[in-house]
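Reading through the structure tokens given below for one structure.
In structure tokens form, the structure reads like this:
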């Protein structure tokens with residue numbers, strides 16, 4: 001059973017009544033909501049999995065996760081998965097897990113061979129103009145454009161819509177209903193550009209994405225690999241373009257050194 005926020009809680013309550021679900025997958029806020037309403041009990045939980053723990057903490061869910069853990073039996077088996085292990089996560093582990101075993105998987109940062117990776121040096125203030133140039137140079141682009149923040153994504157979305165582009169917006173502040181509507185428009189071809197943040201785009205599997213464009217640099221190489229993996233799905237070819245401002249060159253060089261393939265530096269199309 002899936003219990004996530006952003007959608008009506010009524011159907012979830014109805015589905016839970018008189019039912020003992022063997023597996024429940026949910027978001028911290030909605031799980032806690034059901035616990036407080038008494039529509040979900042965790043007294044018989046034997047296995048608890050916390051996936052993408054660092055992302056949950058980044059989004060401010062640490063208190064909710066702690067309250068959920070306190071409602072589960074002490075004899076449960078807990079598995080926690082995280083790309084990074086900051087002090088906040090280690091503190092959570094020490095508070096809620098007994099004699100935990102730490103397993104580290106070697107970082108490999110693989111990239112898909114069918115993704116052509118290219119970068120463009122631009123003045124930071126000219127990034128939107130550079131983005132328009134890249135989009136206009138393609139006949140029928142289907143592009144996901146990444147920004148670091150909700151504010152930045154919203155601002156860029158407004159600019160592109162004012163310029164006549166059919167664009168959708170996806171960030172962590174959107175409800176599940178809004179997210180579903182935005183994705184349906186992009187998949188159905190009613191929009192050709194999707195402006196997204198990292199958190200909102202996690203797990204997206206959209207066919208026929210021709211371009212991934214890093215308007216803002218990713219925070220690290222793992223995020224870079226995850227972003228560009230949104231294109232070239234199922235053996236198709238794709239292009240991953242990164243707009244690099246003068247102040248971002250050193251940061252991007254660090255990302256490139258960790259990759260197993262070359263990122264070609266190129267010039268923007270003449271229309272820029």
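Numbering (full-length UniProt numbering), first residue to last: 1 to 272. For each residue, glycine too, the CB sits at the ideal point set by N, CA and C. Please read these numbers as outputs of a predicted model, since none were measured by experiment.
Option in the options with minimal Cα separation from residue i
i: residue 18; options: 38, 31, 30; result: 38
i: residue 193; options: 208, 123, 202; result: 208
i: residue 268; options: 254, 126, 51; result: 126
i: residue 59; options: 154, 184, 171; result: 171
i: residue 274; options: 152, 264, 191; result: The chain is shown only over 1 to 272; residue 274 falls outside these bounds and no answer can be derived.
i: residue 89; options: 16, 130, 66; result: 66
i: residue 239; options: 55, 136, 142; result: 142
i: residue 4; options: 15, 31, 23, 11; result: 31
i: residue 68; options: 40, 83, 85, 84; result: 40
i: residue 52; options: 26, 75, 77, 76; result: 26
Short Cβ contact (8 Å threshold) for residue i with residue j
i: residue 150; j: residue 197; result: yes
i: residue 115; j: residue 232; result: yes
i: residue 35; j: residue 71; result: yes
i: residue 263; j: residue 254; result: no
i: residue 261; j: residue 117; result: yes
i: residue 169; j: residue 128; result: no
i: residue 177; j: residue 7; result: yes
i: residue 43; j: residue 86; result: no
Residue i classed as buried or exposed, judged by whether at least 16 other C-beta atoms fall within 10 angstroms
i: residue 213; result: buried
i: residue 28; result: buried
i: residue 124; result: exposed
i: residue 180; result: exposed
i: residue 98; result: exposed
i: residue 227; result: buried
i: residue 2; result: exposed
Three-state class that DSSP yields for residue i in the structure shown
i: residue 266; result: strand
i: residue 151; result: helix
i: residue 116; result: strand
i: residue 212; result: strand
i: residue 223; result: helix
i: residue 36; result: helix
i: residue 162; result: helix
i: residue 177; result: helix
i: residue 12; result: helix
i: residue 272; result: Low local confidence applies: a pLDDT of 43 at residue 272 is under 50, so the model's placement there is unreliable, with the coordinate-based value given in what follows. Correct three-state label for residue 272: coil.
i: residue 187; result: helix
i: residue 24; result: coil
i: residue 259; result: coil
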